[in-house]
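Structure first, commentary second.
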């Protein structure tokens, strides 16, 4: 694995960084740009329909990048021998952060799907509760965690 990493190091690091940027950047754009645009929609049902649709599109976009992030992280951990280095603890912290983010993403997807079903069944309050929790708590949590992980990765990369 280390030989593959050394041969394709630039590509692997690039894919890792761009994957983190797309995942975290997508959440930032959704929460702090699109969210306020959705609030302009007067009909609560139409607003929820648009949010549910936008979240679905966001998740379809980020899932391949999340997988790429995981695969490239494994190559980088092995390639840089981070587990046997002075950066082992930071490397494990970064892995932990991305793991929490991934679990949070899966829960967001499940909540979005549940919210969509409730919306289709006419349960506006239930749908609103499912979707609102994603925007108010889950996405901001992943943004904070993602920025922290990107910082740790930058620190490790600049110190190797």
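In the working numbering, the protein residues as written are 188 to 347. C-beta atoms are modelled at their ideal positions from N, C-alpha and C, and glycine is treated no differently.
Give me, in chain order, the residues of the same chain whose beta-carbon lies closer than 8 Å to that of residue i; leave out the 5 immediate sequence neighbours on both sides.
| i | result |
| --- | --- |
| residue 226 | 234 |
| residue 246 | 292, 295, 296 and 299 |
| residue 228 | 234 and 237 |
Throw me the rounded Cβ distance for the residue i and residue j pair, which I believe falls under 8 Å.
| i | j | result |
| --- | --- | --- |
| residue 300 | residue 328 | No, residue 300 and residue 328 are not in contact; Cβ-Cβ is about 19 Å, not under 8 Å. |
| residue 168 | residue 318 | Residue 168 falls outside the range modelled here, since the chain spans only 188 to 347, and no answer is possible. |
| residue 207 | residue 337 | 5 Å |
| residue 210 | residue 249 | 5 Å |
Just the C-alpha distance for residue i and residue j, rounded to the nearest angstrom, thanks.
| i | j | result |
| --- | --- | --- |
| residue 353 | residue 314 | The chain is shown from 188 up to 347; residue 353 falls before or after that span and cannot be answered. |
| residue 306 | residue 190 | 51 Å |
| residue 281 | residue 268 | 15 Å |
| residue 346 | residue 323 | 35 Å |
| residue 316 | residue 302 | 8 Å |
| residue 230 | residue 341 | 44 Å |
| residue 289 | residue 252 | 11 Å |
| residue 339 | residue 199 | 17 Å |
| residue 194 | residue 304 | 47 Å |
For residue i, which residues of its own chain have a beta-carbon under 7 Å away from its beta-carbon, when the five flanking residues on both sides are left out?
| i | result |
| --- | --- |
| residue 284 | 332, 335 and 336 |
| residue 213 | 245, 248 and 249 |
| residue 243 | 299 |
Cβ atoms of residue j and residue i: under 8 Å apart, would you say?
| i | j | result |
| --- | --- | --- |
| residue 217 | residue 326 | yes |
| residue 205 | residue 330 | no |
Can you list, in chain order, the residues of its chain with a C-beta nearer than 6 Å to that of residue i? Leave out the 5 residues immediately preceding and following it.
| i | result |
| --- | --- |
| residue 196 | none |
| residue 202 | 255 and 259 |
With a threshold of 8 Å, are at least 3 pairs of Cβ atoms found where one atom belongs to the region 300 to 312 and the other to the region 251 to 269?
Verdict: no, contact absent.
Cβ pair count under 8 Å reaching 3, the region 218 to 225 against the region 268 to 285:
The count of Cβ pairs closer than 8 Å, one atom from the region 218 to 225 and one from the region 268 to 285, stays below three, leaving the stretches out of contact.
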